[in-house]
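Numbering (the UniProt record's numbering), first residue to last: 1 to 535.
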């Protein structure tokens, strides 16, 4: 009779991906390869973590981490499960999700034992958790929305705000600011001003991030909030970044890899001078960049990161074991291959006509533009959410990019007119509810911007030497370091850096790439403070 145990403390292997964490147990518990793969997919789907399978554990939020830990514990097929305070250290949003997962254990016929109170049934522990949390939490739809806004990309943000504006007649979405001066200033730190009242009158425009949903202000308890992810195939860039997250553990290697990935075109090709350009920009030897490039060339789809068509075809021929002596002559004379000039090809290679025709058939099975296999949308220049730059005075400044900050206004004039003409309670109630929802959204957007700015300042102030001297000067940083500095939960920091990019003089990088698995705190080793200007 096996017993599964989920300790209160984090037990996940932070240096492994979600899939690797679960697979590590399955390789011991399940001897049949087919059944092992089947069980892996079952657990990923059951716990709604399929979209995280290639994510490093260190990048997960508290709730996501707990999901993986429970899935990993169940991978061993235990007869009993012992949970030691499974909700400890989990933020309010994730508490409800984890509580529902615990309740689902009854469907697996697993007796659930609490380390704090002896053996009980799954349903009884679920009921106890519900009862306990209902006494301590007031998680309204608005509060849930405020938390969820933080973790989403600019594209999702714009999509959701547009949808919400269509549903709420008192919300107006203006075009993004075209310059820093046109954007509303974002207050930093814990500065309190009388301007907070404007959040409720709608007289100010604030930055935001958003959740992909049909209604931002209502949530369905049993809705699968990840359903839209499963329906959206990854882009080429996303597909390559997922592989890079698994392959590269070193922060320097990940940053170099992200820069190379950014250089490819829609077909998956690199410009001839891309590696040299990255080497100069990051102030690292070209040999280091070329080493990462060689590893990236092994990524799927085969042939991506090539400089020429010949390079691309060579990679695919070798992968399919079709490479043979004389093929290099074909690749050096592709103009004759395109014309199917058999006479010239026979002269160049010394092959028989039959052999040439056979090889030409092999060439037709290759993909000359491998990137187009993931061509969901044109590859555009990545727009950073945060910009870090050095002023002429020598001061560093960090600011939120106004191009990624939609302006959301509340039309109070319109609401006042409707209320003054309204005769029935139903109309007045509708107007008041929609107006309240609109004001709450504006406030949530302002809070998101403030949190992003706080996290970005601490993150990038840690990496000033990288900005000055290049990739060799990167320093370790963890979510805990930042959370302690800004006095917020680690899950909040995780959401603030999720799907966010920072633009620096050395390039545009995923914010999460500046975080490592290092457990060393930088509290006592912070670089000498430099002046930061918030605009």
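Here a beta-carbon is modelled for each residue, glycine too, at the ideal position from N, C-alpha and C.
Opposite residue i in the DSSP bridges: which residues?
{"i": "residue 306", "result": "269"}
{"i": "residue 452", "result": "Note: residue 452 sits in no beta bridge, so no partner."}
{"i": "residue 17", "result": "56"}
{"i": "residue 407", "result": "174"}
{"i": "residue 390", "result": "396"}
{"i": "residue 503", "result": "387, 508"}
Would DSSP call residue i helix, strand or coil?
{"i": "residue 460", "result": "helix"}
{"i": "residue 283", "result": "coil"}
{"i": "residue 510", "result": "strand"}
{"i": "residue 396", "result": "strand"}
{"i": "residue 111", "result": "Because the pLDDT of residue 111 is 40, which lies under 50, any placement of that residue in the model is unreliable, and the question is left without a value."}
{"i": "residue 469", "result": "helix"}
{"i": "residue 540", "result": "The question about residue 540 has no answer, for the chain in this structure spans 1 to 535."}
{"i": "residue 200", "result": "With a pLDDT of 27 at residue 200, under the threshold of 50, the modelled position of that residue is not reliable, and the figure given next carries that caveat. The answer is helix: DSSP assigns residue 200 an H, G or I state."}
{"i": "residue 231", "result": "Bear in mind that a pLDDT of 43 at residue 231, under 50, signals an unreliable position, so the number given afterwards is only what the model happens to contain. Of the three classes helix, strand and coil, the one that applies to residue 231 here is helix, per DSSP."}
{"i": "residue 153", "result": "coil"}
{"i": "residue 44", "result": "helix"}
{"i": "residue 51", "result": "helix"}
{"i": "residue 340", "result": "coil"}
{"i": "residue 423", "result": "coil"}
{"i": "residue 374", "result": "helix"}
{"i": "residue 12", "result": "coil"}
{"i": "residue 490", "result": "helix"}
{"i": "residue 276", "result": "helix"}
{"i": "residue 225", "result": "Confidence is the limiting factor: at residue 225 the pLDDT is only 37, short of 50, which leaves the residue's position unreliable, though a coordinate-based value still follows. Residue state, collapsed to three classes: coil."}
When you compare each of the options to residue i by their alpha carbons, which one comes out closest?
{"i": "residue 514", "options": "64, 301, 297, 256", "result": "256"}
{"i": "residue 329", "options": "316, 351, 308", "result": "351"}
{"i": "residue 296", "options": "474, 246, 506", "result": "246"}
{"i": "residue 385", "options": "394, 400, 393", "result": "400"}
{"i": "residue 302", "options": "491, 313, 288, 292", "result": "313"}
{"i": "residue 304", "options": "367, 406, 54, 502", "result": "367"}
{"i": "residue 482", "options": "458, 309, 153, 468", "result": "458"}
{"i": "residue 415", "options": "435, 404, 402, 406", "result": "435"}
{"i": "residue 450", "options": "477, 358, 244, 147", "result": "147"}
{"i": "residue 35", "options": "241, 75, 260", "result": "75"}
{"i": "residue 440", "options": "453, 50, 410", "result": "410"}
{"i": "residue 558", "options": "238, 320, 446, 393", "result": "Coverage of the chain is limited to positions 1 through 535, which leaves residue 558 absent and any answer about it impossible."}
{"i": "residue 510", "options": "234, 244, 172", "result": "244"}
{"i": "residue 358", "options": "324, 173, 151, 72", "result": "324"}
{"i": "residue 442", "options": "405, 284, 506, 71", "result": "405"}
{"i": "residue 505", "options": "468, 485, 512", "result": "468"}
{"i": "residue 382", "options": "63, 499, 408, 151", "result": "499"}
{"i": "residue 487", "options": "460, 454, 473", "result": "454"}
{"i": "residue 43", "options": "72, 31, 32", "result": "72"}
Measuring CB to CB, does residue i end up less than 8 Å from residue j?
{"i": "residue 65", "j": "residue 25", "result": "no"}
{"i": "residue 14", "j": "residue 57", "result": "yes"}
{"i": "residue 456", "j": "residue 479", "result": "no"}
{"i": "residue 569", "j": "residue 145", "result": "For residue 569 there is no data in the structure shown, the boundaries of the chain being 1 and 535."}
{"i": "residue 261", "j": "residue 241", "result": "yes"}
{"i": "residue 28", "j": "residue 49", "result": "no"}
{"i": "residue 259", "j": "residue 507", "result": "yes"}
{"i": "residue 293", "j": "residue 317", "result": "no"}
{"i": "residue 234", "j": "residue 336", "result": "no"}
{"i": "residue 475", "j": "residue 465", "result": "yes"}
{"i": "residue 252", "j": "residue 418", "result": "no"}
{"i": "residue 150", "j": "residue 496", "result": "yes"}
{"i": "residue 394", "j": "residue 266", "result": "no"}
{"i": "residue 310", "j": "residue 331", "result": "yes"}
{"i": "residue 388", "j": "residue 460", "result": "yes"}
{"i": "residue 161", "j": "residue 152", "result": "no"}
{"i": "residue 286", "j": "residue 279", "result": "yes"}
{"i": "residue 17", "j": "residue 61", "result": "no"}
### Task
Output the residue ranges of the alpha helix (DSSP H) runs that lie fully inside the segment 236-267 and measure 4 residues or longer, sorted by chain position.
Entirely contained in the segment 236-267, the alpha helix (DSSP H) runs reaching 4 residues are, in chain order, 236-247, 251-263.
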